[in-house]
Amino acid sequence: MNTKAPRKKSWAEPFKIKMVELIKMTSYEDRFKAIREAGYNTFLLRSKDVYIDLLTDSGTSAMSDRQWSGLMMGDEAYAGSRNFYHLRDTVEEYYSYKYTVPAHQGRGAEHILSQLLIKEGDRVPGNMYFTTTRLHQELAGGVFVDVIIDEAHDPANEHPFKGNVDFNKLDALVNEIGAKRIPYVCIATAVNMAGGQPISLENLRKLRQWCDEHKITIVHDMTRVAENAYFIKDREPGCADMSIAEIVYEICSLTDIATMSAKKDAMVNIGGFLAMNDKDLYDRACNMVVVYEGLHTYGGMAGRDMEALAIGITESVDYDHIRARVGQVLYLGDRLIEAGVPIVRPVGGHAVFLDARNILSHIPQEQFPAQALAAAIYTQSGVRSMERGAVSAGRNKETGENYMPKLELVRLTIPRRVYTQAHMDVTAEGVIEVYENTDKVKGLRFTYEPEVLRFFQGRFEEVE
Ligand code: F0G
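So the sequence shown is residues 11 to 474, counted in this note's numbering.
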C-alpha cells in the first residue's frame, strides 16, 4: 500500500455556504444606460446594477461564522476595549510587531505614518507605487521613487518574484541624495499595481542587510502578506516545507513598521492598523491617532470589528484557505490565457490583470484604454472591474503632467470566499466576448477630473 498521501490537484474551498446574498443579472440595455450615467467610471456604478462585482477585494470578502460570532463579542468601551488587546496580541503573535495602533482602514495608517516620518523633500523608495500610499507620501512632502525590478513593468515577463527590489536602483538613489534623505523604504507584499506579484524572502533578507548598512527603516505594506507567503511556499527554493504562518511571520520580522488594510487578507469589511516595534514611534503615533482616527485603543474601529479582525488574521494564514483563494484567481487567469487574452503573467494573488494596451491597441494611452475596457466589460457582461493604468497613476506632483505607466491594466479582483467557480467561468466568457469584438470600443476623455485620486470620482465621455 502506498502510504504517502497523493498531492491534491484541486483547490476546492475549505468551507461550505450557510447564507447567501441574492444577485440579479441585468440586461444589456440597462447596463448601456448605467455606464453612461456613471461617466464610464465603474466606481460610479450602483452595485444593484452589477452582476458579478470584481471591482476590488477590499472589504468585500465573506466573513466566517467565527468572525460573525466575534461581532457579538464586541466590547464597545471608549477606552481599553478587550477586543483591542485581543487584536494587539494577535498582531504580535502572527505578524511579530509589538505595538499596534488601530486605524479605520489602510490609508488612515498611511496618513499617520507619512506625517510622522517624512520631511519636505525626502525621497521614499518603494516596490512600485500604490495610489493612496504615494498620495500620503506626497502630502507629507515626500517624492516616491520606484525601485522595483524592471521585469515588473512588463506584463508578459514570467519572473516568479516581480515584486523584488532592484538594489542598483536603491544604490543609485543613495548615491544621488544620501541615506539621510530617505526616511524609509516602503515594501509591499503581493504588489498590487504590479499585478499582485510577490517579493521573495531572499530579496527581503537582502533588503534587510542593505537597510541595516545604510541605517534606513523598512516599512511593510502588509495588506496582502498571506498571498505573498503562498507564492513563496510554492515557488521559492527551500521554502516548500515552511508553513504559511511561518513565512508570514518571517516576512514581518524582516521589517520595522507595517501599515495594514485589514479589508483584504484579514477578511473584514472595514479596518486597518499601523504596527511597529519602536516604542518611541508608537507613542508619537498614539498622539497623532487621537487627532485623526480615534483613541489609540480603537482608532476608528468598533470593538466588534477589532474582534472580527483578530479572528480573520488567524484564518488568513491557514494553508487550505490561502491555497483555495489563490487557486480561484489562477483558475480565472488560466481560462483567459487558454482563450489567448493578454493578461499579466504570472497570474497574481488577488486578481487577474488584463493588458488593456495590448487588447485595445487601436486606442492611444492618452485616451485611457484600460478605463474604456473596464466600461466595455461591464456593458457586455455585468462584471465590474477596475482601471489600473494612466487614470489611476494620475499626474506628476511637480510637473502636472499625466503619468503614462507601462502597465495599462484592468483588474478583475476576486473577493475572498464570495464567488463560485461558475462565476469565474461567466466572467471569463464575458471578457473573451469583449476581446473578440474590440473594434467597437472607443477611447475616452475626462469631462470631470478630480484633483487627487482621480480614478475614484472622475467622469469621462467617448472620443468620436
Ligand atoms: N495598500 C495597498 C497595497 C492597497 O491595496 C490598499 C487598498 C491600501 C494600501 C489602502 O487601504 O483602502 O484600506 O485605505 N486597496 C484597495 C484596492 C482600495 O482596491 O486595491 P484602504
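Just so it is clear, CB atoms sit at the ideal spot from N, CA and C, and this is done for glycine as well.
These figures come from a predicted structure and were not determined experimentally.
Worksheet item: Are the stretch 322-342 and the stretch 270-277 touching, with three or more C-beta to C-beta distances below 8 angstroms?
Response: Taking 8 angstroms as the limit for Cβ pairs, the verdict is that the stretch 270-277 does touch the stretch 322-342.
Worksheet item: Cβ atoms of G399 and L417: under 8 angstroms apart, would you say?
Response: A contact, by the Cβ cut-off of 8 angstroms.
Discussion item. Quick check: the stretch 188-196 against the stretch 217-231, are at least 3 beta-carbon pairs closer than 8 angstroms?
Written reply: Counting Cβ pairs under 8 angstroms, three or more are found: they touch.
Fill in: Sequence-distant residues of the same chain with beta carbon closer than 8 angstroms to P24, five excluded per side
Here the set comprises D328, D330, H331 and A334.
Discussion item. Can you tell me which residues form a DSSP beta bridge with T227?
Written reply: Looking at the DSSP assignment, T227 forms a beta bridge with Y194.
Practice prompt. Using alpha carbons as the reference points, say which of Q381, S210, H306 and G116 lies closest to E471.
Written response: Cα-wise, what sits closest to E471 is Q381.
Worksheet entry | Supposed close pair R367, P356 - CB separation, criterion 8 angstroms | With 8 angstroms as the limit, R367 and P356 do not qualify as a contact, their Cβ atoms being about 19 angstroms apart.
Worksheet item: Would the beta-carbon of H360 fall within 8 angstroms of that of G206?
Response: Yes.
Practice prompt. Leaving aside the five residues before and after K483 along the sequence, list all residues of the same chain whose C-beta is less than 7 angstroms from its C-beta, in chain order.
Written response: It is not possible to answer for residue 483, since the shown part of the chain is limited to 11 through 474.
Fill in: C-beta neighbour in chain D for A113, strict 8 angstroms
In the structure shown, chain D does not exist; there is a single protein chain.
Discussion item. Tell me the rounded alpha-carbon separation between G310 and V300.
Written reply: Rounded to whole angstroms, G310 to V300 spans 9 angstroms at the Cα level.
Worksheet item: Should T324 be listed as close to the ligand F0G, given that the test is whether its C-beta is under 7 angstroms from any heavy atom?
Response: Result no, Cβ not under 7 angstroms from the ligand F0G.
Fill in: Buried versus exposed, by CB contacts within 10 Å (16 or more), D244
The C-beta of D244 has fewer than 16 other C-beta atoms within 10 Å across all chains shown, which makes the residue exposed.
Worksheet entry | Delimiting residues of the alpha helix (DSSP H) encompassing D67 | For D67, there is no enclosing alpha helix (DSSP H), as DSSP marks it with neither H nor E.
Worksheet item: Around the Cβ of N202, are there at least 16 other Cβ atoms within 10 angstroms (buried) or fewer (exposed)?
Response: By the neighbour-count rule (16 or more Cβ atoms within 10 Å), N202 is buried.
Discussion item. Run the Cβ filter for me: residues under 7 angstroms from any heavy atom of the ligand F0G, listed in the order they occur in the chain.
Written reply: In chain order, the hits are T66, D67, S68, Q115, G116, R117, G118, E120, F140, T142, T143, A198, N202, D231, T233, R234, T269, S271, K273, K274, G282, M396 and T423.
Worksheet entry | Inter-residue spacing [alpha-carbon to alpha-carbon] between T143 and D67 | T143 and D67: Cα-Cα distance of roughly 17 angstroms.
Worksheet item: Considering only C-alpha positions, which residue in the set F363, E102, E148 and E103 is nearest to L123?
Response: Ranked by Cα distance from L123, the first of F363, E102, E148 and E103 is E148.
Worksheet item: What does a CB cutoff of less than 8 angstroms around T437 pick up in its chain, not counting 5 residues either side in sequence?
Response: Within the same chain, T437 has close Cβ partners I62, L64, L342, S391, V393 and L422.
Fill in: Beta-carbon proximity of G131 to R314, cut-off 8 angstroms
Taking 8 angstroms as the Cβ cut-off, G131 and R314 do not qualify as a contacting pair.
Worksheet item: Is DSSP giving Q115 helix, strand or coil here?
Response: In the structure shown, Q115 sits in coil (DSSP, three-state: anything other than H, G, I, E or B).
Worksheet item: Within 10 angstroms of its Cβ, does M138 collect 16 or more other Cβ (buried), or is it exposed?
Response: Counting Cβ neighbours within 10 Å, M138 comes out buried, since at least 16 surround it.
Worksheet item: For F283, which of helix, strand or coil comes out of DSSP?
Response: DSSP places F283 in the strand class (E or B) of the three-state scheme.
Item to complete: Take V351 as the anchor and find which of I442, G118 and Y413 has the nearest alpha-carbon.
Response: Of the candidates I442, G118 and Y413, I442 places its Cα closest to the Cα of V351.
Item to complete: State the beta-bridge partners of D365 as determined by DSSP.
Response: Under DSSP, D365 takes part in a beta bridge, and its partners are L419.
Worksheet item: Which residue's Cα is closest to the Cα of V362: M232, S395, M316 and Y429?
Response: In this structure, S395 is the residue among M232, S395, M316 and Y429 with its C-alpha nearest to the C-alpha of V362.
Practice prompt. Can you check the stretch 410-469 for any alpha helix (DSSP H) of at least 4 residues that lies completely inside it and give the ranges in chain order?
Written response: Complete alpha helix (DSSP H) runs here, min 4: 431-445 and 464-467.
Fill in: Three or more C-beta pairs below 8 angstroms linking the stretch 238-256 and the stretch 80-98
The stretch 238-256 vs the stretch 80-98: no contact.
Worksheet entry | Rounded separation between D160 and A432 - CA only | Those two C-alpha atoms are separated by around 36 angstroms.
Worksheet item: Under the criterion of a Cβ to heavy atom distance below 7 angstroms, does H306 qualify as lining the ligand FAD?
Response: The ligand FAD is not part of the structure shown, which contains the ligand F0G as its ligands.
Discussion item. Buried or exposed for Q77, going by 16 or more other Cβ atoms inside 10 Å?
Written reply: Counting C-beta atoms within 10 angstroms of its own C-beta, Q77 has 16 or more neighbours from the protein chains shown and is therefore classed as buried.
Worksheet item: Is I27 buried or exposed, if buried means 16 or more other CB atoms sit within 10 Å of its CB?
Response: It counts as exposed.
Discussion item. Within 10 Å of its beta-carbon, does R46 have 16 or more other beta-carbons around it, so buried, or fewer, so exposed?
Written reply: Flag for R46 reads exposed.
Practice prompt. List the endpoints of the continuous alpha helix (DSSP H) containing M232.
Written response: Neither: M232 is in no alpha helix (DSSP H) and is coded neither H nor E.
Practice prompt. Assuming V175 contacts I158 (C-beta within less than 8 angstroms), just tell me the rounded distance between them.
Written response: Their Cβ separation, rounded to whole angstroms, is 7 angstroms, which keeps V175 and I158 in contact under 8 angstroms.
Worksheet item: What are the boundary residues of the beta strand (DSSP E) that includes F94?
Response: Unbroken run through F94 is the alpha helix (DSSP H), R92 to Y105; no beta strand (DSSP E).
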